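J.: Under our numbering, residue 247 is the last one in the sequence shown; the count climbs by one each step, no gaps.
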Amino acid sequence: MSPESAWYDDAAGPVVRPYALTGGRTHYAAEFDMVALIVALAHPADLAGQHSGTPGAAAAQWAPDPEHEMILELCRTPLSVVEIASELELPLGVVRVLLGDLLDRSLIEVRRPAPVAQFPSERVLKEVIDGIRAL
113 MSPESAWYDD AAGPVVRPYA LTGGRTHYAA EFDMVALIVA LAHPADLAGQ
163 HSGTPGAAAA QWAPDPEHEM ILELCRTPLS VVEIASELEL PLGVVRVLLG
213 DLLDRSLIEV RRPAPVAQFP SERVLKEVID GIRAL
């Protein structure tokens, strides 16, 4: 087996390891809840000439990966983080790092999930039942 054939699968094409998509990064700037909704604020075509948002790198150009562009295309309608990972068939951790890149450049908006409503106490439920019976 030649070294070149180890990086190519006839059925799947070139094999790219998940850590290669993130440049070896495993952490992201923001915390992305699995059910948080992601909305694209830019179209992938708008990324040409996008500057890096990091201090001291104002002159540096940011070249988005195809996965960044796919996320922006998918998120033209709100999608949860886990749905994005499923659509792209990428591990959740990789998607979170990619989303962190997009969030750092203000290309996406994160809509936090609504808090789960707390159930009323047993006392309140008993008072409601007693009130209904009194009718």
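Every residue gets a Cβ at the ideal spot worked out from N, C-alpha and C, and that includes glycine. Computed from a prediction, not measured in an experiment: that's the story for all the values here.
List the endpoints of the continuous alpha helix (DSSP H) containing leucine 149.
T.: Per DSSP, leucine 149 belongs to no alpha helix (DSSP H); it is in the beta strand (DSSP E), 149-152.
J.: Out of curiosity, what's the CA-to-CA distance linking proline 176 and leucine 153?
T.: The straight-line gap from Cα to Cα measures roughly 15 Å.
J.: Roughly how many whole angstroms lie between the Cα atoms of valine 240 and proline 225?
T.: In a straight line, the C-alpha of valine 240 is about 30 Å away from that of proline 225.
J.: With distance defined between alpha-carbon atoms, name the residue in Thr189, Pro190 and Pro203 nearest to glutamate 179.
T.: Residue Pro203 is the option with its Cα nearest to glutamate 179.
J.: When you compare the region 208-218 with the region 136-155, are there three or more beta-carbon pairs, one atom per stretch, that lie closer than 8 Å?
T.: Yes, the region 208-218 is in contact with the region 136-155.
J.: With DSSP as the reference, please indicate the residues paired to glutamate 221 in a beta bridge.
T.: In the DSSP output, where bridge partners are listed per residue, glutamate 221 has Val151.
J.: Just list the residues that DSSP pairs glycine 191 with in beta bridges.
T.: In the sequence on display, residue 191 carries leucine and not glycine. Answer is Ile150, bridged to leucine 191.
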